[in-house]
Every structure is written in C-alpha cells, then in structure tokens.
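Presented below is the structure to which this report refers.
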Amino acid sequence: MIRKILLIIALSVMLSANLDMKIKDLLGNSDYNTHKNLINHIFSNESNFYTNNQIDYTRIIQELMNNGVLKLNLSSTQDISVTFNVNSNPKKSLKNLNDILKAIGQPNFITKEEIIVDNNLRWSIQLKTAAAISPLRLSQELQSINCRIVDIKREGDYNWSYSIDTTNSSIYKEENLENNNQLSLRKPLKPYMIKVANASVITIKSNSGNTWFPSVVFYDNGLNIIGIYEENSLQKSLKLEVPDNTKYIKIDDLYTLANLKQGINITKE
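Plus 1 on top of the position in the sequence shown (first one is 1) and you've got this note's numbering.
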C-alpha cells in the first residue's frame, strides 16, 4: 500500500514538473517568470491538462490565452521563423500544414528548409507578420484531422518550433466517400479531395451547365500517387476504375475550376 502511494506521488510530481517545463517552453523564460504565481494558480490541478497521460496543448494554450498570459502580437511587422517536426506521412502532412496555415490567416510564407528522412518531415518557414501564428488555432485545426501537437518550443518572439504527431492523420477539409456511396459537391474553391474506401469504380457526373477537362489523381494513404487519368476533351460524365490501395482521389480540371462551377456528383461501386 505504501509503495502504491509513493508511486502515485512520484507520478504526480513528474507530471507537474513536465507540465511546468512545457509551459515555460511555450511562454519563454521572461514571461514565465513574470507570471509565475498566476501560472501556479491556473494549473494547480495538473491532471486537467493531460489526456491519456499526455500533455493536452489545446487546453493549456486556451487557459493561457483566457488569462492574457500568452502574448502573440508584435510591436511591428517582423520576420518570424517557424519549424514543424512531423513524425509520419510527410507528403500528406506538408499539404495539411499548407492548407491549415492559409485557413488560419497565414497564407504568405516562404520555405526555408524541407527535409524528409525515414518518413519524418522537418519543414521550416519564414513569414512576415505582426503576430505569431496562433498555437490555439493551429492545435484546433490539427485536432480536426486526428493530429496532435506533442511539443512547442519558443525562443523569444521570433522563433517557434512545433512537434506534431500525424500518425493517424486524414486530409484537411476532405470530402468523405468512405462512409457514403454518393456525394453531391458544390462549386469548388480548389480541387476536390475525396476520401474513399472499398471502391472499385467511381462515376463522376457534372451538374447541368458543366462540361470539364477531367484531371483525376489517385493517392494512397501517404498521399503517394498511384494513378492518374486526364482527358483533353470536354466531358459530362466519367466512369473510372479505382486502383488498389486508393485512399484519396483528387478531382480537378486541366485548365480552370470554372468548368466545374455547377458542382459534381460522385458515386462509388
């Protein structure tokens, strides 16, 4: 019994120390020391900020922002460097991060480094902005595709680093033909990205007023291309065999998405 109590106490101390260290990494030493008493109060119940014994960055960031501790605004427009370290699915992860950055209001950035080794991605970008990327918005959007921030480090106001678990990731804002046999899609703002499963054949029919030059790409779960179909003549309807191991299908027009302005219907067999 005593051993069990000591083990619980040791685990509690370890989790508390780990949480404290991660908050310091997120805020930086200066702001952490300035707000130390408030931080102790906010996070007095450390267990609220763990999920399955793993730090829940979304909850932590939400509390820091609610209490005005996490400051993202800069005194003027500055160059900020951000590095994303991703543990799997590098092609899919790169697409997702690009799309998420645009969705949260950070579309203008340049790539400084892109390295893929052993299915891990290290992607560093530079952006000119008057405020750092919101780690809360980033975390929330990543959660929507089954990804999780496992570490955040901040060096001053201008350098951020994120480590992200993308093991079970899906495609950001994908259309789902996995749990449905038919989809009716409206005018696209970008090429349609469809998630599929157990499909041997798909039929794509453009709605009234549409004819398009088909460009259809089949991908596996890691977003590696396993098949391409293109037709340089206007089509109204298309029936295609789906290659084995297809997880995603991108539907586009060879020349302009305006040709799909009335939307499409997709069925699978």
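Think of the CB as a built atom: it goes at the ideal place given N, C-alpha and C, for glycine as much as any other residue.
Any 3 or more C-beta pairs closer than 8 Å across the stretch 173-190 and the stretch 37-54: no
DSSP state of K92 mapped onto helix, strand, coil: Note: K92 maps to helix in three-state DSSP.
Beta-ladder partner(s) of A131, from DSSP: For A131, which the question treats as bridged, DSSP gives no partner whatsoever.
Nearest-angstrom Cα separation, counted from I40 out to L7: Confidence is the limiting factor: at L7 the pLDDT is only 28, short of 50, which leaves the residue's position unreliable and the question unanswerable from this model.
Bridge-paired residues (DSSP) for F110: L128
Proximity test, Cβ basis, 7 Å: L39 and chain C: Among the protein chains of the structure shown there is no chain C, as only one such chain exists.
Coil, strand or helix - K196 by DSSP: strand
C-alpha gap between L20 and M66, whole angstroms: 16 Å
Pick from E156, I165 and T130 that is closest to S140, judged by C-alpha positions: I165
Burial state of T59 (16 or more Cβ within 10 Å): By the neighbour-count rule (16 or more Cβ atoms within 10 Å), T59 is buried.
Delimiting residues of the beta strand (DSSP E) encompassing R187: Counting along the chain, R187 falls outside any beta strand (DSSP E), and DSSP gives it neither H nor E.
Where T247 falls: helix, strand or coil (DSSP): DSSP places T247 outside both helix and strand once states are collapsed to three, so it counts as coil.
Per-residue DSSP class, three states only, for D57: coil
Where the beta strand (DSSP E) containing T268 begins and where it ends: I265 to K269
Beta-carbon proximity of T84 to S125, cut-off 7 Å: Inclusion of T84 and S125 in the CB contact set at 7 Å is warranted, their separation being smaller than that value.
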